Each structure stands twice: as structure tokens, then as C-alpha cells.
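What follows is a short report on a single structure.
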Amino acid sequence: MSKISGFLALVLVATFSLAYTQASAEYVPGGDMVEEDYVSSAASESPFFVLDKHSSDHRYNELTFYLSFGDVRYRYKMRAGSGGAGTNDPADSMDECNVYDETNDPAPEGGGWLPDGTYTISNYFVYKNTGDMRGPAWDIGDHVCSDGSTVREDLFIHSKSPWSSSSYESFGCIKISWNDATVLMGLYEMASKPTLGGGKVVR
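With the sequence shown counted from 1, adding 141 to any position gets you our numbering.
In C-alpha cells form, the structure reads like this:
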């Protein structure tokens, strides 16, 4: 185990009480840290995320963050939700062009998951407000959905506090658990990151 691997293991276990492994592992909701193969250019590689959408449930997507520490690239996998807030219809929850409308009468409606495509992390900060968005947040901007005209605005990767198993629903943002957001924040701040990075959403 390299020095950086040992250091990461110590940080994850002692600070976040999260198990760390270098072996290939199946995705387990709650976080999974795995070392990639040696990458000579890893130190110059920016953070990158991939959201793999679930085939039938907007609350059970798989979010993977790729982060470089020195010359080693790691991937951190976690469960992530997107969409579903403001609608009880599963089809609406998985409709990327379904925009949340808080002005709808008699009750707000909408809130499908975010569109497929490529994203840029334009900002990273700790959001201190209460409610549906609190703690570490990664700003991934706006994105045009598949109809070519509807724009999904103000998209973030974030969590909330307090957190519960029903908190994975959102109005389009990528929603991760409080534990995963906290661990990811620590890893993100330690990683080699020439730029803020980017990502993609696929189905």
C-alpha cells in the first residue's frame, strides 16, 4: 500500500468511520472507495463524476466520483437520487424535461431527474442554509433537456440536514446522503485538482 493509500485509509476510517479497500468491489449504497490502476498523469487530472441512472427508480442511481491523489486515481461510489420531489408519478420523476413548477394551482408539481449529458463543476462551496439544500454543494449549472428547448436550471450535487432514507428525492439536483457528502467533501479538498472538474449523466 502506498503512503497516500495508507493516509486515505486512516482519514476515512478515523474521521468518517468508513471502510476503505483497494480491491475491486461491488457497489454498496453508502460509499465505496476503490483504487484505480496507476495513471502517470493522475496528478494533473481534475475530479470527474459519472451518474448512472437507474433503469426504473430515480432514487437509486449510482454516482461515482473520480479523484486523483498524487499519481493514483481513485473512484468513490455512492447512491444518489434525482427528481421525484413534487410528483407522485414515477414516469414524471424520470422525465428529464419535467420542470418543477411552484406556481401551479392548487399545488406545486413537477420535478423530474436531471438531463443526460456532459456537465462542468463551476463552483464548490459549503451551503449553510437549512431545508432541502445544506452542507457541501457542487454547482453543475444549467442543462438543456432532450426536447432541445427546456432548460433545467440551478442544478447541484448536494445533501440536506437532517437526513433520512426518504431524502433522496429532489427537484432535479443530484442528491446524496449526508455521510457521503461529508466524506466526498474531505476527499475533494485533499485531491489534486488543477480545476473544479466536470462530469456526465448517462442512462
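Quick reminder that beta carbons are idealized off the backbone N, C-alpha and C, glycines included.
Please read all numbers here as calculations on a predicted model, not as lab measurements.
- V213 is classed as buried because its beta carbon has at least 16 other beta carbons within 10 Å across all chains shown.
- When the Cα atoms are used, G258 and D193 turn out to be separated by approximately 11 Å.
- Residue pairing by DSSP places H284 opposite R293 in a beta bridge.
- In this structure, L296 places its C-beta atom within 8 Å of the C-beta atom of D283.
- With 16 or more other CB atoms across the displayed protein chains lying within 10 angstroms of its CB, N202 is buried.
- Listed in chain order, the non-local C-beta contacts of V240 below 7 Å within the same chain comprise G251, T291, R293, local neighbours out to five positions each way being set aside.
- M219 is bridged by DSSP to L204.
- Beyond the five residues adjoining it in sequence on each side, F189 comes within less than 7 Å, by CB distance, of Y207, G338, G339, G340 in the same chain, given in chain order.
- A distance below 8 Å separates the beta carbons of C238 and G253.
- Looking only at L204, W319, V342, the smallest Cα-Cα distance to S300 is reached by W319.
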